[in-house]
Amino acid sequence: MIETPDGAGTTEIATGMAEAARAWLESLDAEQRSTATGHAPVADDPDGEGPDAERRRWFYTPTDHGGLTFHEQRPPQQRGAMKLVASGLTRAAYVTVSTVMGLENVLDHTEGFVTMFDRTRGRDPHMYYLRVFGEPGPTGAWGWRFGGHHVSLNFLVVDGVVVSSTPCFLGADPATSDLLGGVSLRPLGQVEDLARDIVRSLPADLASQAVLLDKAPPDLEAANRTTPKAGDRHIPLAGIWRAPFADPVEQAKLDKMSDGIEERAGLTEDDHRAVELSDEPKGVPASALDAGQREQLRLLLGTYLQRVPEALSPIGRYADDAALDAVHLAWAGPTEPGAPHYYRVQGPRLLIEWDNTQREANHAHSVWRDPTTDFGLDALTQHRAAHHS
């Protein structure tokens with residue numbers, strides 16, 4: 001369950017979420033609503049194949065994320081959907097999510113307006129999916145998920161309190177785009193730069209501890225798994241889709257793209273072992289950093305943990321030096337700007353991953369996870385025990 005500084009604040013946010021979710025659902029017709037809703041969250045789904053399995057399934061590729069897309073909604077319904085999305089985000093995070101969605105048009109231009117995948121337009125700013133699980137209200141368990149290419153937001157509410165807001169994924173492709181006037185659009189620029197600045201500022205002995213490998217894995221090591229665990233390694237691109245394409249020609253294109261990414265990464269078995277997930281955090285501990293580096297680390301944590309409103313965020317935990325001391329920062333790849341790279345921030349109840357490796361290091365992924373409570377599984381177990389004992 002989320003540790004928050006303001007229990008009343010989580011209730012207020014949950015109330016706003018429920019109001020927005022109900023208003024959106026009430027605007028839908030029966031056919032739309034059947035696509036837009038899913039089974040109420042439940043705890044008794046240990047094998048991941050029961051009624052809660054779909055809620056725990058998430059993606060960050062341009063695949064079917066499950067739910068009602070903007071294509072399938074009228075403009076007022078689209079506005080209602082975005083109001084629900086905004087209810088779980090800070091203003092800065094909402095702007096970032098909206099920008100990431102708009103990048104689909106930029107990416108389509110980058111690729112020559114030809115990418116198809118398994119539909120008529122592969123890069124599509126309207127191919128974002130919203131689904132509500134259960135009945136939004138002050139009692140019982142319900143949740144919602146919003147996702148599409150490079151966005152995945154997952155919230156769970158139990159008895160009128162927001163108890164989980166992870167996994168929380170944001171990506172950007174292109175990570176950097178030129179704007180008029182000689183400036184650049186970098187939606188996740190600070191998410192990248194703060195980590196690099198810390199690593200580049202380390203003395204040699206700490207740098208050797210922080211940098212796990214001189215090359216980077218081509219994607220997140222935990223990938224889109226429901227529960228991260230020790231030994232996890234990145235999943236090749238073609239494996240992070242809901243299902244194979246019906247069109248064998250389009251599937252062959254995706255497989256070729258996926259194979260090319262793996263070949264360019266060039267990781268050996270030893271390389272995989274160096275960067276794979278572990279229970280014991282890898283890299284340099286915050287306890288070894290100087291005051292300036294520790295402040296930079298707190299700012300870096302904020303680029304993830306302040307995606308949600310203050311009442312939902314554990315960011316305040318890291319004002320305590322002892323809590324920060326337990327956080328480790330690990331890096332893979334060159335530290336020069338523009339080179340493919342990966343980093344991980346790990347500590348108790350915290351797993352952050354970032355990679356910017358694909359498209360000549362101009363395609364970024366970032367995710368904030370709580371490995372012990374993603375999707376609110378602990379809160380659901382507590383809720384079941386309290387109400388069914």
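No gaps in the numbering here: position 148 of the sequence shown is 148 in the UniProt record's numbering, and each next residue is one more.
Idealized CB from N, CA, C, for every residue including glycine.
Please read these numbers as outputs of a predicted model, since none were measured by experiment.
When Cβ pairs closer than 8 Å are counted between the two stretches, the stretch 114–127 is seen not to touch the stretch 174–184, the count staying below three. In terms of CA proximity to His383, Val157 leads the group Ala14, Arg131 and Val157. Counting the other CB atoms within 10 Å of its CB gives Pro244 a total below 16, which places it among the exposed residues. Excluding residues up to 5 positions away in sequence, His39, Pro41, Val42 and Asp45 lie with their Cβ nearer than 7 Å to the Cβ of Asp52 in the same chain.
Annotated three-state conformation of His328 is strand, per DSSP.
Taking 8 Å as the cut-off, the beta carbon of Ala21 is found closer than this to the beta carbon of Leu84. The beta carbon of Pro281 is closer than 7 Å to those of His328, Gln346 and Gly347 in its chain, skipping five residues each way along the sequence. Annotation for His272: the continuous alpha helix (DSSP H) segment containing it runs Glu269 to Val275. The closest CA to that of Ile235, considering only Ala210, Gln293 and His272, is found on His272.
Excluding sequence positions up to five before and after Ala230, its CB lies within less than 7 Å of the CB of Leu277, Ser278 and Asp279, all in the same chain and listed in chain order. Taking Thr61 as reference, the option from Asp270, Thr381 and Leu237 with the minimal CA-CA separation is Leu237. Taking Thr268 as reference, the option from Gly147, Arg233 and Ala81 with the minimal CA-CA separation is Arg233. Secondary structure note for Asn356: it is in no alpha helix (DSSP H), and the uninterrupted beta strand (DSSP E) holding it is Leu350 to Asn356.
By the Cβ-count criterion, Leu220 is buried, with 16 or more other Cβ atoms from all chains shown falling within 10 Å of its own Cβ. Taking all protein chains in view, the Cβ of Glu31 is surrounded by fewer than 16 other Cβ atoms within 10 Å, so the residue is classified as exposed. By the C-beta density criterion, Gly171 is buried, having at least 16 other C-beta atoms within 10 angstroms. A residue is called buried once 16 or more other Cβ atoms fall within 10 Å of its Cβ, and Arg264, having fewer, is exposed. Judged by DSSP in its simplified three-state form, Gly316 adopts helix. Assignment of Ser165 by DSSP, reduced to helix, strand and coil, places it in the coil class. With a contact defined as Cβ atoms closer than 8 Å, Pro138 and Gly160 qualify at about 4 Å. With at least 16 other beta carbons inside 10 angstroms of its own, Pro217 counts as buried. Under DSSP, Thr37 takes part in a beta bridge, and its partners are Val132. Looking at the DSSP output, Gly333 bridges to nothing. Leu156 carries a strand assignment under DSSP once its states are collapsed to helix, strand and coil. Around the beta carbon of His71, fewer than 16 other beta carbons lie within 10 angstroms, which makes this residue exposed. About 7 Å separates the beta carbons of Arg242 and Phe59, which is inside the 8 Å limit, making them a contact pair. Counting along the chain, Leu84 sits inside the alpha helix (DSSP H) bounded by residues Pro75 to Ser87.
Per DSSP, the unbroken beta strand (DSSP E) holding Gln346 starts and ends at His341 to Gly347.
The C-alpha of Val151 lies about 28 Å from the C-alpha of Leu212.
Exposed is the label assigned to Asn105, since fewer than 16 other Cβ atoms lie within 10 Å of its Cβ. Burial of His341 is indicated by the presence of at least 16 other C-beta atoms within 10 angstroms of its C-beta.
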